[in-house]
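Going by the numbering used here, the residue at position 102 of the sequence shown is 163; the numbering climbs one at a time, nothing skipped. We treat Cβ as the ideally placed atom computed from N, Cα and C, and that holds for glycine.
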Amino acid sequence: MSRPAPDPVRPGQESVWDYPRPPRVERVDKRVQIDFGGTRIVDTDDVVRVLETSHPPVYYLPISAFGGALTLGEGASFCEFKGGARYFDVHGGGGAVAPRAAWNYPHPMPGYEALEDRVALYAGPMDRVVLAGETVEPQPGGFYGGWVTADLAGPFKGVPGSMGW
């Protein structure tokens, strides 16, 4: 599928089609709260995001913000920009476990050093992920880890037929 036409950008929005490739890392002044298993497992304003063409931002939080909610999970993957990733199982209240629901780059490639000691998380398995007071929606498709908010204009990679974008 060829690159789609970007959605119209409304006031207060940014288009994911204006994001760069290779991706850019930037600090943001926003609070993130994550609830899982009926328990708040993260509440932090130490947040960076990664912006990449056609993707909603992926937010990275300090590993320390998760307290005891992370254990090393199975598997690994590789990003041509950020390097080798490892996965974490996320633990919440009542014994809730979301396998491989978070990941990080323990030794990020040059240009992505700000991601060291930070974790990104799939919003879908969580009870609720709140960014700056807004409950986020997971990036479509279940493979990518972006968080969709009202201040974004798409379309977003991950929808059916978007593999070639």
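Per DSSP, the bridge partner or partners of Y148
W164
Candidates P167, V151 and D212: which alpha carbon is nearest G129's?
V151
By the 10 Å Cβ neighbour count, where 16 or more other Cβ atoms means buried, how is H168 classified, buried or exposed?
By the neighbour-count criterion, in which 16 or more other beta carbons inside 10 Å mark a residue as buried, H168 falls on the exposed side.
Enumerate in chain order the residues of its own chain whose CB-to-CB distance from L213 is below 7 Å, with the five nearest sequence positions on each side excluded.
Q74, E75, V77 and P117
Is the distance from the Cβ of F142 to the Cβ of P84 below 8 Å?
yes
Closest by CA to T196, which one among A159, P67, K91 and S63?
From the listed residues A159, P67, K91 and S63, the smallest Cα separation to T196 is found for K91.
Smallest Cα separation from T132: which of P67, F149 and I124?
F149
Quick one: Cα of A137 to Cα of Y166, how far?
About 10 Å.
How many Å lie between P160 and P65 at the Cα?
Between P160 and P65, the C-alpha separation is close to 33 Å.
Mind listing, in chain order, the continuous beta strand (DSSP E) runs of no fewer than 3 residues lying wholly within the region 169 to 226?
179 to 182 and 189 to 192
Taking the alpha carbon of G156 as the point to measure from, which residue in V220, F97 and R179 has its own alpha carbon closest?
F97
Return helix, strand or coil for V77, following the three-state DSSP convention.
helix
Other residues of its chain near F139: CB distance less than 8 Å, five sequence neighbours each side excluded
Closer than 8 Å at the Cβ level, and outside the excluded window around F139, lie G145 and A146.
Measuring CA to CA, which of F127, V180, Q200 and P221 is closest to A211?
Nearest of F127, V180, Q200 and P221 to A211, Cα basis: Q200.
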